[in-house]
Each structure stands twice: as structure tokens, then as C-alpha cells.
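*Asks:*
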Amino acid sequence: MPQITGWESAQPVPTHHQFNHFLAAHNGHLYMDDFDLMQMFEMSPVPESPLPSPLELVYLPLIRWRIAEMQRIFDEVIDEVGYAGKFHYAYASKANAAEEVIRTTLGAGAHHEMSSTIDVDVAKLMVERGLLQSDKMVICNGFKPTGSRYAQNIRDLKRYYHANTIPIVEDLSEIPPLIQSQLPFEVGLRQKSYGNHATIYAMDDANSRFGMSVADMLTAADYIDASPNLILRIYHGMVGSQITSEEAFKDRLTPPMQMYARLKKQHPDLTIFNFGGGMPVPQTLDFDFDYKQFVRLLLTTMQTICQEQGVDVPDVMGEFGRYTSAEHGAHIFRIVNDKTNESDLPWYIIDGSIMSSFPDVWALKEHFTVLPLNHLDKPFQQVQLGGITCDSDDVYPPKGSDSPLYLPVDTDELYIGFFSVGAYQEMLGGVRGSKHCMLPEAPELIVDKDSNGQHIYELIAGQDEKKVLENLGYR
Ligand SMILES: Cc1ncc(COP(=O)(O)O)c(C=O)c1O
Numbered sequence: 036m037p038q039i040t041g042w043e044s045a046q047p048v049p050t051h052h053q054f055n056h057f058l059a060a061h062n063g064h065l066y067m068d069d070f071d072l073m074q075m076f077e078m079s080p081v082p083e084s085p086l087p088s089p090l091e092l093v094y095l096p097l098i099r100w101r102i103a104e105m106q107r108i109f110d111e112v113i114d115e116v117g118y119a120g121k122f123h124y125a126y127a128s129k130a131n132a133a134e135e136v137i138r139t140t141l142g143a144g145a146h147h148e149m150s151s152t153i154d155v156d157v158a159k160l161m162v163e164r165g166l167l168q169s170d171k172m173v174i175c176n177g178f179k180p181t182g183s184r185y186a187q188n189i190r191d192l193k194r195y196y197h198a199n200t201i202p203i204v205e206d207l208s209e210i211p212p213l214i215q216s217q218l219p220f221e222v223g224l225r226q227k228s229y230g231n232h233a234t235i236y237a238m239d240d241a242n243s244r245f246g247m248s249v250a251d252m253l254t255a256a257d258y259i260d261a262s263p264n265l266i267l268r269i270y271h272g273m274v275g276s277q278i279t280s281e282e283a284f285k286d287r288l289t290p291p292m293q294m295y296a297r298l299k300k301q302h303p304d305l306t307i308f309n310f311g312g313g314m315p316v317p318q319t320l321d322f323d324f325d326y327k328q329f330v331r332l333l334l335t336t337m338q339t340i341c342q343e344q345g346v347d348v349p350d351v352m353g354e355f356g357r358y359t360s361a362e363h364g365a366h367i368f369r370i371v372n373d374k375t376n377e378s379d380l381p382w383y384i385i386d387g388s389i390m391s392s393f394p395d396v397w398a399l400k401e402h403f404t405v406l407p408l409n410h411l412d413k414p415f416q417q418v419q420l421g422g423i424t425c426d427s428d429d430v431y432p433p434k435g436s437d438s439p440l441y442l443p444v445d446t447d448e449l450y451i452g453f454f455s456v457g458a459y460q461e462m463l464g465g466v467r468g469s470k471h472c473m474l475p476e477a478p479e480l481i482v483d484k485d486s487n488g489q490h491i492y493e494l495i496a497g498q499d500e501k502k503v504l505e506n507l508g509y510r
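Residue numbers (our numbering): 36 to 510.
(1) For tryptophan 382, report the span of its beta strand (DSSP E) as first-last.
(2) Find the nearest neighbour of glycine 364 within the set Glu135, His51, Gly41, Gly63, judged by alpha-carbon distance.
(3) Quick check on the DSSP output: the alpha helix (DSSP H) that includes tyrosine 258 runs from which residue to which?
(4) Who pairs with arginine 369 in a beta bridge, going by DSSP?
(5) Please state whether DSSP places glycine 225 in a helix, a strand or coil.
(6) Over the uninterrupted beta strand (DSSP E) stretch that includes aspartate 350, give me the two end residues.
(7) Quick check: isoleucine 384 and valine 371, are their CB atoms within less than 7 Å of each other?
(8) Considering glutamate 148, what are the terminal residues of the alpha helix (DSSP H) in which it resides?
(9) On a CA-only basis, which of Asp170, Met149, Arg194, Ser216 is nearest glycine 182? Give me that one, please.
(10) With 16 other CB atoms within 10 Å as the buried threshold, where does leucine 399 fall?
(11) Report the rounded CA-to-CA distance for tyrosine 270 versus histidine 147, giving the unit in angstroms.
(12) Looking only at its chain, what residues have a beta carbon closer than 6 Å to the beta carbon of threonine 40, apart from the 5 residues adjacent to it on each side?
(13) How many whole angstroms separate the CB atoms of proline 443 and proline 407, which I take to be in contact at a CB cut-off of 8 Å?
(14) Is glycine 144 near ligand 1, going by C-beta to nearest heavy atom under 6 Å?
(15) So, helix, strand or coil for phenylalanine 403, using DSSP?
(16) Among Pro87, Glu221, Gly452, which has the Cα closest to the Cα of threonine 198?
(17) Measure the CB-CB distance between isoleucine 340 and aspartate 304 and report whether it falls below 7 Å.
(18) Are glycine 452 and proline 475 close, meaning C-beta to C-beta below 7 Å?
(19) Helix, strand or coil: which one does DSSP assign to glycine 364?
(20) Pick from Ile235, Asn188, Arg225, Gly387: whose alpha carbon is nearest that of proline 212?
(21) Identify, in the order they occur along the chain, each residue of the same chain with its Cβ nearer than 6 Å to the Cβ of lysine 470, setting aside the five sequence neighbours on each side.
(22) Note down the Cα distance separating histidine 52 from threonine 446, rounded to an integer number of angstroms.
(23) Taking methionine 273 as the reference, which of Tyr441, Ala237, Met247, Ser228 has the closest Cα?
(24) Return the CA-CA distance between phenylalanine 310 and glutamate 354, expressed in angstroms with no decimal places.
(25) What does DSSP give as the partner residue(s) for glutamate 493 in the beta ladder?
(26) For arginine 244, is the beta carbon positioned less than 6 Å from some heavy atom of ligand 1?
(27) Hey, quick one: how far does the alpha helix (DSSP H) through leucine 411 stretch, first residue to last?
(28) Where does leucine 504 land, buried or exposed, given buried means 16+ other C-beta within 10 angstroms?
(29) Please classify tyrosine 326: does DSSP put it in a helix, a strand, or coil?
(30) Sort out for me which residues DSSP pairs glutamate 91 with in a bridge.
(31) List the endpoints of the continuous alpha helix (DSSP H) containing glycine 142.
(32) Counting C-beta neighbours from all protein chains within 10 Å, is the total for aspartate 154 16 or more, i.e. buried, or is it exposed?
(33) Is the beta carbon of glutamate 282 less than 7 Å from the beta carbon of aspartate 325?
(34) Give the C-beta separation of threonine 50 and threonine 359 to the nearest angstrom, bearing in mind that I take them to be a contact with Cβ-Cβ under 8 Å.
(35) Does the beta-carbon distance from methionine 292 to methionine 252 come in below 7 Å?
(36) Less than 6 Å between the CB of phenylalanine 355 and some heavy atom of ligand 1, yes or no?
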């Protein structure tokens with residue numbers, strides 16, 4: 036089935052039409068939550084009036100909403116099924132490591148998951164600012180080869196910043212340096228678990244560079260038990276990304292849950308089952324994943340497995356990357372040209388690049404929601420979008436897509452937004468630096484709400500021509 040990425044009709048959008056939980060049409064304008072997006076260009080809320088296009092929009096209340104929503108769902112299902120463990124929400128910083136995102140997730144009570152040495156530097160800054168206190172777990176995933184800056188920095192985070200630092204062991208070789216540090220670490224073990232497997236041992240067949248085989252997991256657990264300064268606290272098994280079927284997600288997690296119970300029998304300090312990432316989030320308008328049903332399936336399956344094995348159920352942890360940060364990010368463009376040149380559909384040319392702003396569109400043929408910010412109360416037509424670069428792949432919908440894109444026929448001062456692009460796109464495309472066809476990076480407007488529910492704004496400047504030239508060595 037083609038994904039629904041916008042308004043799929045030539046008719047105007049009826050006023051008060053709700054596209055999803057945060058996008059709605061009111062009197063011809065598009066609103067994000069209660070924020071009229073066109074006000075940014077018509078009567079700017081910030082001193083720099085009017086705001087330029089293209090513009091990156093960062094809407095922080097949506098991050099808090101997502102975290103609270105998942106916490107609420109787990110709380111309700113824990114009550115409903117009488118689950119004896121707790122739920123721990125961690126934010127996977129790799130999805131978007133911007134300062135405003137990390138500060139918001141920590142402020143909303145999330146634990147912190149990381150994967151590189153600069154991540155540790157971010158955590159140190161957050162400790163210094165009082166945002167990352169020892170009640171928060173800092174889950175250190177990723178490769179930590181002996182002697183690497185990352186491995187050393189993790190030890191520093193524990194030794195000098197007293198953060199609740201929990202290295203997740205990817206490989207047996209990561210254990211000796213932890214023992215030699217003599218620091219009292221709680222640790223996790225990551226099993227090779229990516230994909231869909233029928234049994235615990237079938238996970239060994241996965242062609243994945245992440246995590247350890249069953250045999251190495253058992254060896255590592257014994258090794259940790261025999262170490263005076265290490266406690267085995269977390270089992271980690273991540274099975275995929277953006278998994279959009281509740282049953283399939285639970286099925287993939289069943290062998291990891293069985294492995295957890297097996298380890299728990301021998302290693303009673305183990306108390307947390309961490310399923311990593313994979314929680315889907317709507318990037319298009321046809322999404323119908325039932326989070327509550329997934330959590331119900333997960334917790335009841337865990338109850339059954341633990342009962343069969345005669346062990347207590349664990350606390351459950353997820354590392355929510357895309358789920359946390361996709362929806363808060365949007366990228367706004369102006370249509371600078373509409374061109375009918377005997378192509379299949381009219382071309383609408385935007386004042387920026389699709390392929391360098393959203394690499395997953397070009398590289399993975401992914402879809403995102405695209406809607407106009409104005410003229411929603413006027414007729415629409417089917418079109419194709421082109422970036423202003425010279426690249427034939429700089430188009431949307433992605434090549435080969437069956438999803439139609441409709442936008443208003445009237446292109447006078449027409450602005451459009453790509454929505455739910457806050458996870459991975461900016462990190463993959465790069466922040467600052469030099470971009471395709473030397474397009475400068477757009478300014479960014481960060482929108483939040485104060486304690487009275489009033490919007491507050493911060494504008495981060497984009498790149499100017501001089502910066503782009505300097506980056507490329509023209510001094
Ligand atoms: C170990 C780990 N945890 C969490 C995540 C976040 O995944 P997602 O964005 O699907 O939530 C990833 C993503 O690659 C990961 O590798």
C-alpha cells in the first residue's frame with residue numbers, strides 16, 4: 036500500500052481538518068499543535084521579522100508529549116496485567132543529539148543512551164548543568180575497543196562525574212578494562228539479536244556486527260560475576276528499527292526475553308530487560324501501530340516466559356530514538372518556481388535541497404509527511420517537488436514511489452513543510468559543514484512553551500556565504 040504523505044485530493048482541505056495528532060488546518064493555514072506556522076513568515080513572532088526561508092523548525096513540546104505518552108501507556112498496562120516490574124524510558128541520542136533535544140529529554144525524566152565518545156562529553160556537560168543526576172541511567176552502547184577514547188571517557192564519566200554510567204558490553208574484550216578500572220560499574224550485556232529468529236540459538240545466525248553470541252553471553256555473565264567491581268544489571272537485545280506490527284515486534288523480542296530468563300536463573304543481579312530501539316513513530320499519515328497493544332503483548336509474554344523459568348519478571352527499558360525526536364522537527368521551504376515542461380506532473384521547485392536535508396528520502400526511499408502552510412482552503416493538484424540543486428535525485432516523492440503528492444495550485448508565496456523529520460535526518464545530513472551544491476544551512480527556530488503555556492522562541496542563525504566558502508578552504 037502506498038504511504039499517505041499529505042492531502043490526497045484536488046479539493047481544498049476543510050477547515051479544522053486534523054491530519055494527525057499535531058497537524059491541523061484552520062482557515063487555510065496549517066497549525067502544528069496550537070502554533071500557526073504561517074505566522075513565522077507573515078507576522079514574525081521573533082524580532083527578526085519576517086523569518087527567512089528555508090527554515091528548520093524545532094518544536095520541543097512534542098518531545099515531552101511523546102515521552103509522557105509512552106510512560107502513561109506502560110503505567111496503564113503494568114496496572115492492567117499486574118506486572119511486577121517497572122518501566123524505564125531512555126532517549127537514544129543518536130537520533131538527534133542537539134542540545135535543545137537532550138536538555139528536553141532529560142528534563143522530561145528520560146534516562147540517556149549513547150554510542151560515542153562525544154556523547155560522553157555531552158553527558159558531562161549535562162551533569163555540570165545539573166540535568167543528569169545519578170537517578171538517571173547513562174547507557175553506553177557502541178563499540179568500546181581497549182584503549183579507545185570512548186572506553187576511557189566512559190570510565191571518566193563514572194570516576195569524576197559520578198554519573199550512573201552503565202556500559203553495555205558488545206564484545207568480551209570490553210570487560211577486562213572495566214575490571215582493571217576498579218570502579219564499581221553496573222554493566223549490561225548485548226546479545227546479537229537483530230532480525231526475526233525462532234529460538235535463542237537462531238539469533239547466533241544473524242549477520243550483525245552488534246552484540247555477542249549465546250556462548251559469549253554466558254561466558255561474559257560468568258566473568259562479570261567473578262569480578263569484584265562489576266554487577267550484571269541489564270540484558271540488551273535490539274531486534275530492528277521502525278517495526279510497524281505489534282505482533283511482529285513481540286515475536287522478534289521473544290527469543291531475547293527467553294535468553295533474559297535463562298541468564299536471570301544463574302545471575303540474580305540481572306533486573307532489567309532492555310529492548311533497545313525499534314519503536315515506530317508516524318512519519319506519514321497512514322500509521323496505525325497500537326502502542327498499548329504492543330506493550331500488553333510484551334509484558335504478558337515476559338510474564339509467561341519468566342513464570343515458566345521460575346524467575347521474577349524484570350524491569351523493562353526501551354531506548355527510544357526515532358519515537359522521541361522524529362515529530363518535533365520540521366523543515367519549511369518556499370516554492371520558488373512552478374514549472375510545466377511536458378514532464379508527467381508539474382514541478383514545484385523549493386528553495387533548498389531534499390536530498391541533503393532528508394538523506395533517507397534519497398538513500399532509503401523513505402517518505403515523510405509534506406503539507407502546505409498556507410492556501411489549504413484552495414484547490415490542490417498533483418505535483419512533484421524538486422530541490423534547487425542540480426541533482427536529478429533531489430526530488431520528492433522519492434523515485435519509484437507510488438504515493439501521490441498534492442499541493443495547492445496557487446503557488447503565490449506558497450510555503451510547504453516536511454514534517455516528522457527530527458530523527459536522524461539532520462545527524463546524517465550533517466550540522467553546519469558544506470552541503471551539496473554549496474547550499475548554506477538554513478536558520479533554525481526553536482519553539483517551546485513557558486509555564487503559562489505561551490510560546491517562547493529562540494532563533495539560531497544559519498550559514499552565510501562567507502562561512503560556506505571558508506569551510507571549503509576559500510579564505
Ligand atoms: C543500541 C541502539 N539503541 C537504540 C537505537 C534507537 O533506535 P530507534 O531510533 O529505532 O528508536 C539504536 C538505533 O540504531 C541503537 O543502535
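Idealized CB from N, CA, C, for every residue including glycine.
It should be emphasised that the depicted structure is a prediction, and the values quoted were computed from it without experimental measurement.
*Replies:* According to the structure data:
(1) For the purposes of this step, residue 382 is identified with residue 347 of the sequence shown, where counting begins at 1. First-last of the beta strand (DSSP E) with tryptophan 382: 382 to 385.
(2) For the purposes of this step, residue 364 is taken as residue 329 along the sequence shown, with counting starting at 1. The option with the nearest alpha carbon to glycine 364 is Glu135.
(3) By 1-based counting over the sequence shown, the position of residue 258 is 223. Residues 249 to 260.
(4) Taking the sequence shown and counting its residues from 1, one reaches residue 369 at position 334. Bridge partners of arginine 369: Tyr450.
(5) As a working note, residue 225 is residue 190 in the sequence shown. According to the sequence provided, residue 225 is arginine. The question's glycine does not apply to it. Looking at arginine 225 - three-state DSSP - the assignment turns out to be strand.
(6) Translated into the one-based positions of the sequence shown, residue 350 becomes position 315. Element bounds for aspartate 350: 350 to 355.
(7) As a first step, residue 384 is located in the sequence shown; it is residue number 349 there, counting from the start. As a first step, residue 371 is located in the sequence shown; it is residue number 336 there, counting from the start. In contact: isoleucine 384 and valine 371 (Cβ atoms closer than 7 Å).
(8) As a working note, residue 148 is residue 113 in the sequence shown. Taken as a continuous stretch (DSSP letters only), glutamate 148 belongs to no alpha helix (DSSP H), being part of the beta strand (DSSP E) at 146 to 149.
(9) The residue labelled residue 182 in the question sits at position 147 within the sequence shown. Glycine 182 has its Cα closest to that of Ser216, out of Asp170, Met149, Arg194, Ser216.
(10) For the purposes of this step, residue 399 is identified with residue 364 of the sequence shown, where counting begins at 1. It is exposed - the Cβ of leucine 399 has fewer than 16 other Cβ atoms within 10 Å.
(11) Translated into the one-based positions of the sequence shown, residue 270 becomes position 235. Translated into the one-based positions of the sequence shown, residue 147 becomes position 112. Near 16 Å, if we compare the C-alpha coordinates of histidine 147 and tyrosine 270.
(12) Within the sequence shown, the letter at position 5 stands for residue 40. These residues qualify, in order along the chain: Thr319, His402, Thr404, Val405, Ser438.
(13) Stepping through the sequence shown from its first residue, residue 443 is reached at position 408. Stepping through the sequence shown from its first residue, residue 407 is reached at position 372. Indeed they touch by this definition, with Cβ atoms about 5 Å apart.
(14) Here residue 144 refers to the residue found at position 109 when the sequence shown is read from its first residue. No, the Cβ of glycine 144 stays beyond 6 Å of every heavy atom of ligand 1.
(15) Within the sequence shown, the letter at position 368 stands for residue 403. Correct three-state label for phenylalanine 403: coil.
(16) If you number the sequence shown from 1, residue 198 lands on position 163. Threonine is not the amino acid found at residue 198; the sequence shown has alanine there. Answer by Cα proximity: Glu221.
(17) Counted from its first residue, the sequence shown places residue 340 at position 305. Counted from its first residue, the sequence shown places residue 304 at position 269. Not closer than 7 Å, so no.
(18) As a working note, residue 452 is residue 417 in the sequence shown. As a working note, residue 475 is residue 440 in the sequence shown. Not in contact: glycine 452 and proline 475 (Cβ atoms no closer than 7 Å).
(19) To locate residue 364, count along the sequence shown from 1; it is residue 329. Note: glycine 364 maps to strand in three-state DSSP.
(20) Counting from one through the sequence shown, the residue named residue 212 turns up at place 177. Nearest of Ile235, Asn188, Arg225, Gly387 to proline 212, Cα basis: Asn188.
(21) The residue given as residue 470 occupies position 435 in the sequence shown. Ser391, listed in sequence order.
(22) Walking along the sequence shown from the start, residue 52 turns up at place 17. Walking along the sequence shown from the start, residue 446 turns up at place 411. Near 21 Å, if we compare the C-alpha coordinates of threonine 446 and histidine 52.
(23) For the purposes of this step, residue 273 is identified with residue 238 of the sequence shown, where counting begins at 1. The candidate whose alpha carbon is nearest that of methionine 273 is Ser228.
(24) Counted from its first residue, the sequence shown places residue 310 at position 275. Counted from its first residue, the sequence shown places residue 354 at position 319. The straight-line gap from Cα to Cα measures roughly 7 Å.
(25) Within the sequence shown, the letter at position 458 stands for residue 493. Ile481.
(26) As a position in the sequence shown, residue 244 is number 209, starting the count at 1. Answer for arginine 244: no, Cβ out of range of ligand 1.
(27) Walking along the sequence shown from the start, residue 411 turns up at place 376. Unbroken run through leucine 411: none, as it is neither H nor E.
(28) Working through the sequence shown from its first residue, we reach residue 504 at position 469. Per the 10 Å Cβ criterion, exposed.
(29) In the sequence shown, counting from the first residue as 1, residue 326 sits at position 291. The answer is helix: DSSP assigns tyrosine 326 an H, G or I state.
(30) Counting from one through the sequence shown, the residue named residue 91 turns up at place 56. DSSP output for glutamate 91 lists His366, Glu479 as bridge partner(s).
(31) What you label residue 142 is simply residue 107 of the sequence shown in a count that begins at 1. First-last of the alpha helix (DSSP H) with glycine 142: 134 to 142.
(32) Translated into the one-based positions of the sequence shown, residue 154 becomes position 119. With 16 or more other Cβ atoms within 10 Å, it is buried.
(33) Position 247 of the sequence shown holds residue 282. Position 290 of the sequence shown holds residue 325. Not in contact: glutamate 282 and aspartate 325 (Cβ atoms no closer than 7 Å).
(34) Taking the first residue of the sequence shown as 1, we reach residue 50 at position 15. Taking the first residue of the sequence shown as 1, we reach residue 359 at position 324. Their Cβ separation, rounded to whole angstroms, is 31 Å, which puts threonine 50 and threonine 359 out of contact at 8 Å.
(35) For the purposes of this step, residue 292 is identified with residue 257 of the sequence shown, where counting begins at 1. For the purposes of this step, residue 252 is identified with residue 217 of the sequence shown, where counting begins at 1. Not in contact: methionine 292 and methionine 252 (Cβ atoms no closer than 7 Å).
(36) Here residue 355 refers to the residue found at position 320 when the sequence shown is read from its first residue. Yes, ligand 1 has a heavy atom inside 6 Å of this Cβ.
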